[in-house]
Structure formats: C-alpha cells, structure tokens
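Protein chains in written order, with the working numbering: chain A, 1 to 299; chain B, 300 to 598; chain C, 599 to 897; chain D, 898 to 1196. C-beta atoms are modelled at their ideal positions from N, C-alpha and C, and glycine is treated no differently. Since we're looking at a predicted model, the values are computed, not measured. Heads up, the thing below is written out as structure tokens.
4 protein chains.
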Amino acid sequence: MLKEIESQLNSFKKINKNRGRLLISCLDQPGIISKISKFLFSHGANIIESNQYSINPHGGDFFIRIDFEAPDLIDKKETLMEDFQPIAETFSMTWELHLVSELKRMAIFASKDLNCLRELLWQWQNGDLMAEIPLVVSNHETARPLVEQLGIPFYYLPASKENRTEVEKKQLQLMSEYDIDVIVLARYMQILTPHFVASHPMKIINIHHSFLPAFVGARPYERAYQRGVKLIGATSHYVTNDLDEGPIIEQDTVRVDHRFDVDELKKMGGNIERNVLARAVKWHLQDRIIVHGNKTIVF
Amino acid sequence: MLKEIESQLNSFKKINKNRGRLLISCLDQPGIISKISKFLFSHGANIIESNQYSINPHGGDFFIRIDFEAPDLIDKKETLMEDFQPIAETFSMTWELHLVSELKRMAIFASKDLNCLRELLWQWQNGDLMAEIPLVVSNHETARPLVEQLGIPFYYLPASKENRTEVEKKQLQLMSEYDIDVIVLARYMQILTPHFVASHPMKIINIHHSFLPAFVGARPYERAYQRGVKLIGATSHYVTNDLDEGPIIEQDTVRVDHRFDVDELKKMGGNIERNVLARAVKWHLQDRIIVHGNKTIVF
Amino acid sequence: MLKEIESQLNSFKKINKNRGRLLISCLDQPGIISKISKFLFSHGANIIESNQYSINPHGGDFFIRIDFEAPDLIDKKETLMEDFQPIAETFSMTWELHLVSELKRMAIFASKDLNCLRELLWQWQNGDLMAEIPLVVSNHETARPLVEQLGIPFYYLPASKENRTEVEKKQLQLMSEYDIDVIVLARYMQILTPHFVASHPMKIINIHHSFLPAFVGARPYERAYQRGVKLIGATSHYVTNDLDEGPIIEQDTVRVDHRFDVDELKKMGGNIERNVLARAVKWHLQDRIIVHGNKTIVF
Amino acid sequence: MLKEIESQLNSFKKINKNRGRLLISCLDQPGIISKISKFLFSHGANIIESNQYSINPHGGDFFIRIDFEAPDLIDKKETLMEDFQPIAETFSMTWELHLVSELKRMAIFASKDLNCLRELLWQWQNGDLMAEIPLVVSNHETARPLVEQLGIPFYYLPASKENRTEVEKKQLQLMSEYDIDVIVLARYMQILTPHFVASHPMKIINIHHSFLPAFVGARPYERAYQRGVKLIGATSHYVTNDLDEGPIIEQDTVRVDHRFDVDELKKMGGNIERNVLARAVKWHLQDRIIVHGNKTIVF
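Encoded structure:
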C-alpha cells in the first residue's frame, strides 16, 4: 500500500479508537432499548447516533444501529461482548459489535471494465472508503498497472465456466490467507458457485448494470435499448445463489433519450454503476446495513 | 365546460391561430431538410423551433418536428397539405400537419383512484394541458362530482371482464360521437380488447404504476415491496395489444426506504404516476412524440 | 368539513389512539438515552421508531425523536408529562410530547395563485396530511369555491402594506378563536410583521419560489431567467423576522433549459413549490422537525 | 501522451473524418433554414442531427446547430467556408464551422484538490472526452504524478495574488505555444485577470462549488453549512470578468441532511462538481453550446 494511504488509514484508526457500532435485530419486545442503553451507559459509552426501526411494534421485527464512543474501547471490547451476551440471549438477538478502528479487509474482484474498480480505488485513496484493500483479483491483466501503482497486490486468475471450481479454490485460499471480510464484485462478470457464496454469506457485494428487477441477467443495456426505456439504472446487492436476486442495498437511475445508442447507454450507465456501487460499499464499511430476509435496512 | 376554462382555451386558440407543427418520419436521404424548409419558406412560414434526428445517416431512419408560424394558417391548411403531398411521396414520408389552434379532443378513462384524473383536470384548468375534454368515462361513480363541477359530461359505464365487449361498444360509440382524438387511461385498471386498441392506434396513453419493464402486470407496489427495491417508479406508454409493452413515452422514479410499507409505497408512487402521466399527455398534445417501432422519439 | 374527510380523520385518530412522539433536544451528556428509554419502559411504552443524533458527542447538542405506543395513552398523557418533568430538568431539555390522535389545527393562508393551496387540500382529502383545517384565510376571493366545497370556512381579508396591522389583528383573532397550532403560507405573498411572527414562533411554514439562498426576495423566476440558471427550485422554511432567512425545512430543484421563458419557469417551478411545501407540512405534522438555531433536524 | 490514448483519438478522428458541425446565431428572418439546408445539400452534406430554436420568431434571436456528414470534408473545408460566407453576410450571422476530426486542444488548470482533474483525465482516457490535452498547469506539484503517468506535460507555476501578472504571462505563452483552444479550470482556485480572460473569450470553463447564484465567491460549503440548506450543488460556467457571473453551462444538486458537517458537504459536493464540470466540458467539445448574452443555449 502507498505510504500516504497507509498513514491516512492509521490516522483514521487513531481518531476513532474509541468508536464502536452495535447492530441488532430481534423480535420486538418491550424494554429492549432500555436494556441496551442501560448496558452502554454502565460501560461508559456515549451514544453519538442511533437509529431504530420496528416493522410491527406488536411482536414484529426490531432493528437498531447504535454508533457510540467509549473510553479504552479497544481494550474493553472482549468484556463488552461477554457482558452483552446475556442481554442478547434474553431477547434472542442477532447482533454484531464493530470497532471503527478495526478496518474491514476488502477484496475487489474485477474484469476488463475498470470503471467501478477505478471509482472504488479513487474514493479509497481520497479517504472516502475506510478499509484495508489487501488484494485485487481479476480474470484479466487490464487492471494490473492501476492496482499495483497503489501498492496493492494484484492476482491474475483467468476464470471461465470451464475452470470455475479450480479458480474459486484459489480465490478462496487467497480470501482466507488475506483474512478478507468483504468481497466487492466490481463488474467481475463471472457467476460464483453456491460453494463460494456460502463461504461469505451477505459479505459479497455486486453491482448489476440495470434497475433490478428490470433486465435481470445478461446484456441489460442492449435490452434497455430494445425496450426504449427513458431511464437507465444500476443496482448494488448482496450476492446469493439466485442470480441478481439478492438483497438490494442501493439503486439509482438516470435519464436517457432516443438519441442514445447502446454504447452511449453503457457510458451513461457506467457513471451510475460506479456511484451506486461506491455508496453500497461505503454503507457496508460503515456498518449501516442490516439484512432482513431478502431485504436490507440501511440506517 | 366552465366558462373561465372555455375562455382560456379560446384565447389560446386565438394567440396560436397561425402556429402549426409538422411531424415527419422516413428513410434518411440527402436533401430532405432542404426540401422541407424550402417548401415552408415558399408558403410564408417561419420556423420557430425545429428538431431533427437520424438514427443512422446512411439510409437509416429520419425524424423531424418543425414548429412554425404562417400567416392565415387556418385558411391555408388545405393548400399546405395538398402542396406538401408530392414532397411526402418523393421521400415516402409518414407525416402529420397539426394546427395548434385545432385543439385535440381528449377523453379520460378513470376508475376509483382519482389521483391521476385530478392532476390532469387540475393542469387542464390551470392552462397547462391545452385540449378539449369532451367527456370522462369511468367504471365507478367516484369521480362524478370532480368531473361535473368542471362542466365535463361524466359517463358511468361499469366494466368488468364479463361485460367487456358490450361496454367497449358503448365506449367506442361515445368516442365516435364526441369525435375523440386521444384517450388517456388515468389508472383505468381495465384491459382493453385488441378491437378497441385497433380503433385508436398510438392514441391511447396509459400510466403503469411501476418502472417498466420491472413489475409488468398486476400489483406492482406489492411486488416492489417484496423485492425490497430502493426506488419506485411509473411509466407512461401508448397502449398496444401486449400488456404494458407499448412504446414508452415517459418514466420517472423516486427514492424509498425500508420504512415504507405497501400503502406508503402507493402514496409515494401516486405522486410519480400523476406527474409522469401529465408530462406524457402534455407532450402528446404538443405533438412532440413520434412513434418508431416500439419506441418513441420525444422532441 | 366534508363528512368523508371527517370520518377519515376520526378513523386515523382511533387507530393511533395509543401512539405518541417525544421530541427532545439538550446538551449531550452520558446516560440520556438510557434515562429516556427506562422512563418509557416503566410507563409501558413500546418504541416503534427512534432516531437520535448528536452534533458533537463531547458536550455538543443532542437531538432525539421517539415514536412509541403505550396503552391508554390519552388518559395517561398528564401523568407521563409530570413524570418526565424531573428527567427533563436534570438534563435541561427542551422537549415536546405529542399524541398522534391530537391532530394539529392548521390554518392555510393563500392568495390568488392556488397551486400550493390545491396540493395541500388534495393531499389532505387523500389522507396524506393528517390535520384539522379549521379555516383558510386569503386576501383574494379566488380560492373561496375550492375551500368551501370541502366544508372549510373561508375568510376573505384583503391585505396590503397599508392595512397590515389591522388585518393581522383580525387574523390573530381568528388564529386564537380557532385555536390554531400551525400556519401554512401557501404562496400568501404578504410580509408578516414581527408581532405576528412572534405569536407563532417556528409554527409558520412558508414556501419560497426559489432555491434559497439564491434569489431571496421578490420575483425569483424573473431573476432566474435573467441569470440563465439550468435548474430552478423551491424552499420551504419556518418564518422568522428576516425575510426568507428562517430555518430551511425542505428544498428541491428541477431541470430547465434555454427554451423556458419566465411563464414556463413559473409553471415548472409551481410543481416543485407544491411538492416541497407539502413535504415540509407533512413532516411538521408528523413531529419530525426539531429547530436548532437557524437550522432544522428532520428525522 | 500514452500510446493507447493516442490510438484511440486517431481512430476517432478517422471514423469522423467526414463529420462537421455548423453553429449559427443571428436575428430571426424568414428563409434562414431553407438557405442553410440548400447550401449543405448542394455541397453533398447529409444532416444527421439538427436543433434550432428562436427566442421570438418575429425578429428575435435565432440559433441553430447542425451536425452533418459530407464526403471529403477535410479537403472541402476551405471551400465550404468560403461558399458559406455570402449567406452568413446576408443574414448577419455569427457562425462557426467545426470538423469533428479537428480535435480541440484543451489545457487544464488545477490546484491541490485533484477531484475534478481526475474525473476529466479518466473520462478522457475512457474515450468520453474527445480532445487533445497538450498540458496541465498547476500552482502545486500535487497533480504531477497523475498527469505525467498519462504522458501529458505538467507545468508547475506557483501562482498567488502577488505574482499574478508574471505567472499569467507565462501561462499565456504556454497557451500560445501549445495552440490551446479551450482552458478548463478544474478547481484552479486563482482569479484570472481581465487580460487573461480577454485572451480566450468564452473559451475558459470554470467549476464553482455551489448552485449559483447562491454562495457566489469564497467558501461556499462553509456558508451552505451555516445556512442549513437541504441540497448542495455545483455550477459550470464560462469565465468572464465578473466573478462567478459568467454564462452558466450546467448545474446540478444533491440532497444532504443535518448529519453532514462541512467536510462531508465537501465530499458530497465534490462528486457533483466533477460530474457537472465533465458534462460542461463534453458539451463544449461537442460544439453543443452557443453563448447568447450572459446565457447559454445547449443543444
């Protein structure tokens, strides 16, 4: 990694050494917030921002994200988690505690179209995406100079339908070796097997180049052109085993008109794709997303 | 019709008595624009705004819309059309000449949800949609007071799958009796038969409550909710025999989030629906739309 | 009021009879949320949605909005308020408790341009704005039929620079007589005196027909046309004694181009105005807004 | 310049060797379009896209942009210009003929904030901005690696209020030496003297980091934060001697809320800035813009 990026990340970790985030979902019951906030208070934590939402207050689903500060958080983390366990059990919570200073380790998978990869690397370099990027994997050599000039290891693993299993094995080894938390498919264009998906559930973020569920599958711009739509869009979602059917994180659209041919739709769409993907990744890195069934709550 | 609306329309017709619009499509060939503009000049017409577009200049499709003024246009119309005929034949043109002062006669078909009907009537009353509205047809009584207070005849024709043929017969009689140019389905919620559609080709404008081609067919908001989309939309299109597959005129989307239930999606979407439909109707009334295959050119 | 609207409001009040909202702002200190949530829990309240935000966790400002349900809330209100008082004092809170079933009483001030008034009345009729509307005041007769057909008393009070004091006296009498909670200036076009403004601090909502702070003051569309802007906008804000300088609640813009003359800018802008104002009013009615200095927090 | 970019530009020039654009403005008079189209036809030109607009058809201003193809255009250019001269004189036209294959020579002026510069270089590399970029000038060394890795000469000319005249002299020398057609100020942050501006009238494109005319001048984000706006924007305009008052080419806005501090407004705004500037530059390079008084017509 380039020195200047490294020092930027280090300074971010230092500033945020006492900052944590608690993400909880469970069935709604009286007294949950009271219990959580008492717990945080008793451990010296001060809540900075909290957002809570219940689908149905009478026994429906309850979701909360709490952004807090607590002195000596890094040392205290284990204690906090142990002490919270009984509360979590009482309410049968699904929960996560994240320290902002423990940057997520993000792998990016790319292909020949560098549009999305470039945006991610740029925003990262610019201090907008706070993560470690230990490696970029691609089935083409195209991205190598862009990646290596930032000091990021680049792995060229030519992938196709034929060698999928073998390639995925190597990829999973790399993910494990580099201790990866989140995988971003920046127009990777290869379908992942259920085995790969199962290894990182709700940790693989994809960008699809259409406003889903319109134009699921291949060649969405060509089909958008044929249909004569007046807006084109992009959708970022977590990858599941159903193609383009995973929980949607973010979407956006942009106006086009009859003068746009397929190539111009692609150029226009590329701009939406990179922005939508970057927002989705940012929200994931900031622990803003709770997956609920096949939907996301983005706080 | 209310006196104040009538006098508003009359004043518009007077102001625009010399204003016309020429819409042409044909195969592209050298010299078309030269011929057309020479023709207009020789008839004393001054071009106010013109927009031309060719899909492929080497023998592809050519489209033009010309907005012009010519003295004594109303008297001259027949001559203009006769004189233009030979040019049209030379280039095998599909063409229309519209006089702005000859207001289109627009029928609105509504049902119980008055959202879109209200917007159209309001914009009409406000001078934003320049048309005659000789009647509103509905399969419910709900809209009667709203319609009749503007002095517009209201026809209650309860329609269902069972009596479709019979009802359409009456509707077509009304369309003919009132000499209707364009039919707007303002959330009419009934499927039209091919017979009805064929009677007004590319003159029936529908609003579909989703961003097509996502959620074709029934209950789009329910399905949008299930899918967890982050934007909802609406699409206005000309009606063809393929449900929700006609040429798209206009679309728009609006941001929603996890807090929206189906009812709130509907309320949010209703706002988009009425604006999208009103824009599509306005463009049709202003002769801005050329249909080309299953697409529209909107100048 | 029309029977159907009345019954719609009554049904809303019934459904929401146990629903309340707590809005709090104070200096940030440890333990606030813990105290509030314990208080609500001990009074049998279940939190449905809560949003909290601190400008600076180290002694900065703290804001929270809690949407909750509690059995027998209407009977319990007084007790709740008394019991909360000591907590409020401990933390020097500014706070409000609202019962959703206690609909706000909203007066609308209009003039000749009915665009915004119509949108408000329509959304109200449609069940999107939950409030009583005991009266509409106008300095022109134009709106009378529109208002009276909904069964709302209409007061024609011709206002001008000359008789401002006298007219405002009558208006204040009406506000007091009808026990008004919030006043919406739906393109009222008259400047209010400091005396009037002081009588309803942060309870008067205005719509300004530009994207503030661009084009403060008179004739914004004319000035937008002169400047050749590519977007026009509208701003809804609370009224203070500084013209167009009060806390902004909501803003939006829409694209225009060189073909728009001043009248068309006005038509285009009118659509933005009414939507921006309706959103601002809705958020106010839903107790989503906390005013902080000259800004708003909109939860 | 990198070989791959060079070959991309060369291939673009080859494909478009017969493509030209005619931009005309004059007082509206009958027969203009007829004359122009006859002229083009008689020189073998086929019109691909044409857009015409008159502010007022009765002697107001007339503007047209014609995109055409003509065989052997490069060889024919001189003849075309000579032959068009008499027509131009008859109607007192201001006019320009551009060959798409004669790429404009664009200089970029940057400073420390590389956001806009990066977007321009990226879109250029990606084939979205068709121009030669013979040099980048900056008053800081920050951009050097980014610029030089694309094979573009980088000139470091530290500029300040004190040495403005001297620095501008060098800059003008460079502009002349490199035969520059258009100068883009990509957050250059230095005020240009009237002498410099006069040397390239309506050929210097600036990006201002606010929605003009809101927040003219310095520190717009700080002032937007103070004012509590709900949208922030950016404006691209031609530079004149009145600071931030030149003809606006493009503007856009994006939604923000109370949680954004000044730094986050800047990050959010940066994304709008770079997109707005890139669109404005693209339209300039495509000869889509006619300046009329202090406004632009963008076809």
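Sixteen is the threshold: since fewer than 16 other Cβ atoms of the shown chains lie within 10 Å of the Cβ of D:His1092, the residue is exposed. Within the segment 1042 to 1064 of chain D, not one residue has a Cβ closer than 7 Å to any Cβ of chain C. Annotated three-state conformation of B:Val590 is strand, per DSSP.
C:Ala729 and D:Pro1110 do not touch by the CB rule: their CB atoms are close to 36 Å apart, not below 8 Å. Taking every protein chain shown into account, the CB of C:Pro818 has 16 or more other CB atoms within 10 angstroms, so this residue is buried. Close to A:Gln251, with beta-carbon spacing below 7 Å, are these residues of chain B in chain order: Val528, Lys529, Leu530.
Taking a C-beta distance under 9 Å as the contact criterion, B:Gln351 and D:Asn948 qualify as a contact pair. Under the Cβ criterion of 9 Å, A:Thr296 is counted among the residues facing chain B. Chain C places a beta carbon closer than 9 Å to that of D:Ile1145, counting this residue as a contact.
Of all alpha-carbon atoms in B:Ile363, B:Phe390, B:Leu398, the one lying nearest the alpha-carbon of B:Glu377 is that of B:Leu398. The segment 882 to 890 of chain C makes contact with the segment 656 to 673 of chain C: 3 or more CB pairs, one atom from each, lie closer than 8 Å. The beta carbon of D:His1037 does not come within 9 Å of any beta carbon belonging to chain C, so the residue lies off that interface. When C-beta distances to chain A are compared with 7 Å, the residues of the segment 645 to 663 of chain C below that value are Ile645, Ile646, Glu647, Ser648, Asn649, Gln650, Tyr651, Ser652, Pro655, in chain order. For C:Asp673, the closest alpha carbon among the candidates C:Pro743, C:Pro684, C:Gly618, C:Trp881 is that of C:Gly618.
In the three-state DSSP reduction, A:Val298 falls in the strand class (E or B). The three-state reading of DSSP puts B:Met474 in helix, counting H, G and I together. For C:His882, the secondary structure class from DSSP, reduced to helix, strand or coil, is helix.
A direct Cα-Cα distance of roughly 50 Å separates B:Tyr477 from D:Ile1129. For the pair D:Ser904 and B:Ser341, the Cα-to-Cα distance works out to about 49 Å. Fully contained in the segment 413 to 494 of chain B are the following alpha helix (DSSP H) runs of length 4 or more, in chain order: 414 to 424, 443 to 447, 463 to 476. As the crow flies, the alpha-carbon of A:Ala278 is around 11 Å from that of A:Leu185. In the DSSP secondary-structure assignment, B:Asp366 is bridged to B:Arg320, B:Glu348. Legend: CB atoms of the segment 551 to 576 of chain B lying less than 9 Å from CB atoms of chain C belong to residues Arg558, Lys566, Gly569, Asn570, Asn574.
Taking 9 Å as the threshold, the shortest C-beta distance from A:Ser11 to chain C does not fall below it. For D:Asn1172, the secondary structure class from DSSP, reduced to helix, strand or coil, is helix.
Within the DSSP secondary-structure output, C:Asp850 pairs in a beta bridge with C:Ala832.
In the DSSP assignment, A:Thr240 falls outside any alpha helix (DSSP H) and carries neither an H nor an E.
In the three-state reduction of the DSSP assignment, B:Ser333 falls in the helix class, which pools H, G and I.
Residues of chain B with a Cβ closer than 9 Å to the Cβ of C:Arg886 do not exist, since the nearest Cβ in that chain sits about 12 Å away. Distances from the CA of A:Glu162 to each of A:Thr193, A:Glu141, A:Val147, A:Phe39 were compared; the closest alpha carbon is that of A:Thr193. About 19 Å separates the CB atoms of D:Ile1146 and D:Ile1088; that is not less than 8 Å, and the two are not in contact.
Listed by position along chain B, the residues whose Cβ is nearer than 9 Å to that of A:Phe211 are Phe510, Ala513, Val528, Leu530, Gly532, Thr552. Looking at A:Gln29, A:Phe39, A:Val197, the one whose alpha-carbon comes closest to that of A:Asn56 is A:Gln29. Interface annotation, A:Lys38: in contact with chain C, CB-CB separation under 9 Å. By the CB criterion at 9 Å, A:Leu150 and A:Leu121 fall inside the cutoff.
For A:Asp261, the secondary structure class from DSSP, reduced to helix, strand or coil, is coil.
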